[in-house]
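So the structure is just underneath, and the comments pick up after that.
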């Protein structure tokens, strides 16, 4: 959510940002907010004037009564009562207008960083750089579900009976490999100086609307029936929510945390679910990172964060690339975002395994995350990034470490988390 001062002082900038995101249907909202805000401020001036007048009249009543001028005092009392009623009416109007402004402001997109490439959708995202040589071996790489099933590591049929489509059982060495990737990611981030956390896996609606837009919430989140609780789609939501309505001390900044959680998503829409594989599922596990920092430090943190994901995957012998999200693919709360994509030797292309974003003060403004400093009280900046989300990360690992005999090589970085095992063999 942007600062309303921006609409007051530079409507054209806000509209140009909307055009760059190809959301022209929102242009009229800027003028609507501007007009509503003018009315709110007019009402405020009138309320302040009437309150001052009311106080002045009230002070006269005692003097008149003291002088025995009861009739005059009664007339002034009537005027004071009338003023109070009118003030109440104006304040009710002001509250209603302010609520309408807030509702509209929630859907006006955050101002993007000037470096964001302009494009209509994810097909126009821009490759920035590659890390590691994307290799296609001279033997066939089977579909990941087939590889895992040959290693007795997957049972989606049983999951279908217990939970339905979009769920899975991981078994044996594959289940251990899945958790090894997460445990290694945890220690990788702790070694990078981040504080480890396990957050709540359910959050209230006011936190949900604080960290994401309503359309995203409807498309992603599972609502707990009869309660004001949602299952988290990523631990970023509850991690940022941890600081709701807090004044952060200077000594606490920057806040850099890494969190583990299961994640739950509807995965509806055009992409849908995978019937056989593990690429799009209703539940997965994730190691995430979040940062809360001074506004002038956010871009430095953004670049540090996505590079950590690159380093993590490269330590597991997985080639990756950084893909800059274009304006039309950028969620409304984000200032700048990039995806980290892993190489798929089977498909001979890359696929997303993580996403890094700086949201400026959008989430902080919605949730009231502030700092009191020499320049007054102001909103901090929030950022988030995926270290690894698996089983999607597991797919990338398996494909890039698959060997001709059907086994999976375990890189040195992961061997301590696999009990020293160097390879997973077909039994």
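In our numbering, the protein residues as written are 134 to 560.
C-beta atoms are modelled at their ideal positions from N, C-alpha and C, and glycine is treated no differently.
In this structure, residue 178 and residue 456 do not form a Cβ contact; the two beta carbons are roughly 50 Å apart against a cut-off of 8 Å. Residue 394 and residue 517 have their C-alpha atoms roughly 14 Å apart.
For the options 303, 276, 283 and 280, the alpha carbon positioned closest to that of residue 289 is the one of 303. For residue 398, same chain residues with a beta-carbon under 7 Å away, outside a window of 5 residues either side, are 353, 366 and 415 in chain order.
A direct Cα-to-Cα measurement between residue 495 and residue 197 gives close to 54 Å. Judged by DSSP in its simplified three-state form, residue 145 adopts helix. Counting only the Cα atoms, residue 323 lies some 24 Å from residue 554. Beta-bridge pairing by DSSP links residue 415 to no other residue. According to the DSSP assignment, residue 218 belongs to the alpha helix (DSSP H) that extends over 203-238. Only residues of its own chain outside the window of five on either side were considered, and among them none has a CB closer than 6 Å to the CB of residue 295.
Across the set 159, 482 and 431, the C-alpha of 431 shows the shortest separation from the C-alpha of residue 470.
Assigned with DSSP and collapsed to three states, residue 374 falls in helix. In this structure, residue 468 sits away from residue 156, with a CB-CB distance that is not shorter than 7 Å. For the set 154, 543 and 498, the Cα lying nearest the Cα of residue 343 is the one of 498.
Note on geometry: alpha-carbon atoms of residue 180 and residue 224 lie some 7 Å from one another. Looking at the DSSP output, residue 422 shares a beta bridge with 391 and 518. In this model, residue 165 and residue 183 are separated by some 27 Å (Cα to Cα).
For residue 446, the enclosing alpha helix (DSSP H) begins and ends at 431-447. Taking a C-beta distance under 7 Å as the contact criterion, residue 426 and residue 370 do not qualify as a contact pair. 412 is the residue among 412, 233, 552 and 542 whose C-alpha sits nearest the C-alpha of residue 299. Judged by pairs of C-beta atoms under 8 Å, the stretch 375-394 touches the stretch 323-340, as three or more such pairs exist.
Distance from the CA atom of residue 141 to the CA atom of residue 234, rounded to whole angstroms, is 13 Å. When the five nearest sequence neighbours on each side are left out, the beta carbons in the same chain lying within less than 6 Å of the beta carbon of residue 529 are those of 451, 475 and 486, in order along the chain. Rounded to the nearest angstrom, the gap between the Cα atoms of residue 287 and residue 301 is 7 Å. Of the candidates 511, 501, 460 and 317, the residue whose Cα lies closest to the Cα of residue 550 is 317.
Under the 8 Å Cβ criterion, the stretch 271-279 does not count as touching the stretch 191-210, having fewer than three qualifying pairs. The alpha-carbon separation between residue 381 and residue 267 amounts to approximately 44 Å. Every beta strand (DSSP E) of 3 residues or more that sits fully in the stretch 245-282 is shown, in chain order, as 259-264.
Rounded to whole angstroms, the gap between the alpha carbons of residue 493 and residue 422 is 16 Å. Contact between residue 521 and residue 390 is ruled out by a C-beta separation of about 16 Å, above the 8 Å threshold.
Residue 327 sits in coil when the DSSP states are folded into three classes, being neither helix nor strand. The C-beta distance from residue 325 to residue 441 rounds to 6 Å, short enough to fall under 8 Å. Annotation: the continuous alpha helix (DSSP H) that includes residue 500 extends over 495-500. Assigned with DSSP and collapsed to three states, residue 182 falls in helix. The beta carbon of residue 481 sits closer than 7 Å to the beta carbons of 269 from its chain, once the five residues preceding and following it are set aside; these are given in chain order.
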